[in-house]
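Undergrad: Sequences listed follow chains S and E, in order.
First residue of the first sequence? That's 1 in the numbering used here, and the numbers climb one at a time after it.
First residue of the second sequence? That's 240 in the numbering used here, and the numbers climb one at a time after it.
Quick reminder that beta carbons are idealized off the backbone N, C-alpha and C, glycines included.
All of these numbers come straight from a predicted model, not from anything done at the bench.
Provided herewith is a single structure, encoded as structure tokens, for subsequent inquiry.
Protein chains: 2
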Amino acid sequence: MSARARERFDLSNETATAPAVTPAAQRVQKPQRKTLERREAVLKAALSVFGARGYNNGALAEIAAQAGMTHAGVLHHFGSKEALLIAVLQYRDGEEVAGIARREQPTGKAFLGHLLDTVRENTTRPGVVQAYAVLSAESVTDGHPAQEYFRGRLTGLREKLIGVINEATDFVADQQEVHETASALIAVMDGLQVQWLLDPAAVDMPRTVELVLEELVGRLMAGRRDIVVPIGPSSDATP
Amino acid sequence: MSARARERFDLSNETATAPAVTPAAQRVQKPQRKTLERREAVLKAALSVFGARGYNNGALAEIAAQAGMTHAGVLHHFGSKEALLIAVLQYRDGEEVAGIARREQPTGKAFLGHLLDTVRENTTRPGVVQAYAVLSAESVTDGHPAQEYFRGRLTGLREKLIGVINEATDFVADQQEVHETASALIAVMDGLQVQWLLDPAAVDMPRTVELVLEELVGRLMAGRRDIVVPIGPSSDATP
DNA sequence: GAACACTTACTTACTGGTTAGTAAGTGTGT
DNA sequence: ACACACTTACTAACCAGTAAGTAAGTGTTC
């Protein structure tokens, strides 16, 4: 908590901008291939350690050891533990599909299929799932450095889903219902992860998500739920 | 991590059973009313601190201060931080409804209504929700003391829900589907909590849970999966 | 192509701070 | 007088971050 205490009381930010303290990842003009590989090794180690122990309880020394250096070496590259965390989160965002070639995010109904594919894929990578589940929940603790990241991520996903659902619906659906459907979909995927991590045999993540997708979105798309709102002034829906 | 390291390497369990180390909560024959009140104060403080900071990052000293004593006093009552954690979880189970009189868990369809009521109630108690969300996800980390507790809790809830759904269904539904519906319901409730904690205005927990309940369970109860059966405007899951 | 200036990627060693748990004692109510 | 509820004082361990140094480059100039 020394870092947190300092963050609260130390308003002088000058030291952070002084050249000597700036991490190598931002200071260096042209990083060599080997350097980038070492950096990626650190990120992979951090993802594994943060997943296995959480952010607060995950030690830089363990990450460093897994990457084959000392914890001071890790700090040389990333500047601080906090900076390493958000680097890890961004790395996971961009790279998580790396094994199966970088695919672009589809739009429209295809996005829902993409979501299901991701869930299926996650079954293969418990480490990544663990990191996401642990860190996202830990982020709701007071002053957690990943709070803004996860808030933004959830808001973005929700908006994306709302758009996709509206796009896939021929008529203008009740927007509150669409919003709730989007929230529920995200919640199911996230909530299932914890259940699955605690007892992998007890839940079938892909099938369960598929069921919810069919029931919730399928029904919305089919057009009914007691009250069908006809045509409205919304510009979002496909004409 | 000192506790964890010891747990791993120190196989001698004798000290834990030696009389001098046994916590007062198990040693004392007839605890006085005042003692029990102090003990409850510690539990309430622990719930708040573990919720705000997580288990690993929550300090006994802070819990103690909130309960008006020193951290050694807390250890006098509960023996260890780990023991305090599971005492807190059990306390939350038994007491979380304390404000509104101890009500028994209903069976059958009424249980679904009870679930919704709990969600509604949770909106009022962000601290408890935070503690549950943070601790349940933290429990999936390696060797976490609350792992067994949460695994058992989720398994129990799932079984209970499967029973309730089957009870509420006139015919024999596809059991895999029932199982997935139960998992999905739990996942929605848990997943929504993180979204809500990060951005309370962005999600309507009760309404979203209600929507999922109606769509998923309502449909199952109505009997089919291809044919759309409209559900009445009744917002209560109880028939 | 060799000498020189400079950068980068680390390491070792240390600091200041925090933490769970222990031991020994003190006061208080019964 | 005794059990109990604490406190004070301490310990051993851990941890993020800093400082200072070193070895291996890289680029530039002649």
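Quick check on the DSSP output: the alpha helix (DSSP H) that includes A461 of chain E runs from which residue to which?
TA: 458 to 461 is the extent of the alpha helix (DSSP H) around A461 of chain E.
Undergrad: Taking the straight line between their C-alpha atoms, what separation do you get for G312 of chain E and V327 of chain E?
TA: Answer to the nearest angstrom: the Cα atoms are 16 Å apart.
Undergrad: If you follow the alpha helix (DSSP H) that D443 of chain E is in, where does it begin and where does it stop?
TA: Where D443 of chain E is concerned, there is no enclosing alpha helix (DSSP H), given that its DSSP letter is neither H nor E.
Undergrad: Along the alpha helix (DSSP H) that carries F171 of chain S, what are the first and last residues, could you check?
TA: Where F171 of chain S is concerned, there is no enclosing alpha helix (DSSP H), given that its DSSP letter is neither H nor E.
Undergrad: Below 7 Å CB to CB, which residues in the same chain sit around V194 of chain S once its five sequence neighbours on both sides are set aside?
TA: Contacts found: A133.
Undergrad: Compare the C-beta of E104 of chain S with all C-beta atoms of chain E and state if any pair is closer than 8 Å.
TA: No, E104 of chain S does not count as interfacial toward chain E.
Undergrad: Between S:M221, S:R153, S:E180, S:S80, which has its C-alpha nearest V172 of chain S's C-alpha?
TA: The shortest Cα separation from V172 of chain S among S:M221, S:R153, S:E180, S:S80 belongs to S:M221.
Undergrad: Within the chosen definition, does the stretch 117 to 124 of chain S reach the stretch 199 to 213 of chain S through at least 3 CB pairs nearer than 8 Å?
TA: As far as the Cβ criterion goes, the stretch 117 to 124 of chain S touches the stretch 199 to 213 of chain S, which means the pair count is three or higher.
Undergrad: How long is the line joining the alpha carbons of S183 of chain S and L275 of chain E, rounded to whole angstroms?
TA: Using only the alpha carbons, I get a separation of about 42 Å.
Undergrad: My understanding is that V379 of chain E touches Q130 of chain S, with C-beta atoms under 8 Å, so please give their C-beta distance in whole angstroms.
TA: Confirmed, Cβ separation roughly 6 Å.
Undergrad: Check whether the Cβ of N122 of chain S lies closer than 8 Å to any Cβ atom in chain E.
TA: It does not; no Cβ of chain E falls within 8 Å.
Undergrad: Buried or exposed: which applies to P239 of chain S, given that a residue is buried once 16 or more other Cβ atoms fall within 10 Å of its Cβ?
TA: Low confidence applies to P239 of chain S: its pLDDT is 35, below 50, so where it sits in the model is not reliable, and the reading given next is rough at best. It counts as exposed.
Undergrad: Taking all protein chains shown into account, decide if D429 of chain E is buried (16 or more other Cβ within 10 angstroms of its Cβ) or exposed.
TA: It counts as buried.
Undergrad: Within 8 Å (strictly less), CB to CB, does T118 of chain S reach chain E?
TA: No, T118 of chain S lies away from the interface with chain E (no Cβ there is under 8 Å from its Cβ).
Undergrad: Measure the Cβ-Cβ separation of A168 of chain S and G113 of chain S and say whether it is below 8 Å.
TA: No, they are not a contact pair.
Undergrad: Around the Cβ of P384 of chain E, are there at least 16 other Cβ atoms within 10 angstroms (buried) or fewer (exposed)?
TA: Classification for P384 of chain E: buried.
Undergrad: So, is the C-beta of R92 of chain S closer than 8 Å to a C-beta in chain E?
TA: Not closer than 8 Å to any Cβ of chain E, the Cβ of R92 of chain S fails to qualify, so no.
Undergrad: Smallest Cα separation from G127 of chain S: which of S:P23, S:E180, S:L216, S:G51?
TA: Nearest option by C-alpha distance: S:G51.
Undergrad: Listing by chain order, which chain S residues have their CB less than 7 Å from the CB of D429 of chain E?
TA: Those within 7 Å of D429 of chain E in chain S are G191, V194.
Undergrad: I'd like to know whether the C-beta of S319 of chain E is nearer than 8 Å to at least one C-beta of chain S.
TA: With 8 Å as the cut-off, S319 of chain E does not count as an interface residue toward chain S.
Undergrad: Judging by CA-CA distance, which residue of E:R390, E:A300, E:Q344 is the nearest neighbour of P200 of chain S?
TA: Residue E:R390 is the option with its Cα nearest to P200 of chain S.
Undergrad: Within its chain, find whatever has a CB closer than 8 Å to the CB of V451 of chain E; leave out the 5 residues flanking it on each side and keep chain order.
TA: These residues qualify, in order along the chain: A423, L424, V427.
Undergrad: Quick check: the Cα distance between A298 of chain E and H179 of chain S, rounded to an integer number of angstroms?
TA: Between A298 of chain E and H179 of chain S, the C-alpha separation is close to 39 Å.
Undergrad: I need the boundaries of the alpha helix (DSSP H) containing L424 of chain E, first residue and last residue.
TA: Unbroken alpha helix (DSSP H) run through L424 of chain E: 414 to 437.
Undergrad: Please name the residue, chosen from S:D170, S:F111, S:Q176, that lies closest to A441 of chain E on a Cα-to-Cα basis.
TA: It is S:Q176 whose Cα lies nearest to the Cα of A441 of chain E.
Undergrad: Here's the rule I'm using: 16 or more other beta-carbon atoms within 10 Å means buried, otherwise exposed. How should R125 of chain S be labelled?
TA: The residue is exposed, with fewer than 16 neighbouring Cβ atoms inside 10 Å.
Undergrad: Which chain S residues are close to I325 of chain E, counting only those with a beta carbon under 9 Å from its beta carbon?
TA: Those do not exist, as I325 of chain E stays about 16 Å from chain S at its closest Cβ, beyond 9 Å.
Undergrad: Is P126 of chain S helix, strand or coil when you go by DSSP?
TA: Helix, per DSSP.
Undergrad: Pull up the distance between the alpha-carbon of D332 of chain E and that of M308 of chain E, whole angstroms please.
TA: Cα to Cα, the separation comes out at about 25 Å.
Undergrad: Do you know how far the Cα of E321 of chain E is from the Cα of L75 of chain S?
TA: Straight-line Cα distance between these residues: approximately 32 Å.
Undergrad: Under the rule that 16 or more other beta-carbon atoms within 10 Å means buried, what is G79 of chain S, buried or exposed?
TA: Result: buried.
Undergrad: Hey, could you find the ends of the alpha helix (DSSP H) L47 of chain S is sitting in?
TA: Looking at the DSSP string, the run of the alpha helix (DSSP H) that includes L47 of chain S is 33 to 53.
Undergrad: A280 of chain E to Q386 of chain E, Cα distance in whole Å?
TA: Cα to Cα, A280 of chain E sits roughly 25 Å from Q386 of chain E.
Undergrad: Kindly indicate the opening and closing residues of the alpha helix (DSSP H) around Y74 of chain S.
TA: Checking the sequence, you will find Val at residue 74 of chain S rather than Tyr. First-last of the alpha helix (DSSP H) with V74 of chain S: 71 to 78.
Undergrad: How long is the line joining the alpha carbons of I231 of chain S and I86 of chain S, rounded to whole angstroms?
TA: Only weak support is given to the placement of I231 of chain S: the predicted model assigns it a pLDDT of 37, under 50, and the value that follows is read from those uncertain coordinates. I231 of chain S and I86 of chain S: Cα-Cα distance of roughly 44 Å.
Undergrad: Cα-Cα, which of S:N166, S:L216, S:L161, S:T155 is closest to W235 of chain E?
TA: Examination of residue 235 of chain E is not possible in this model, given that chain E is present from 240 through 478 alone.
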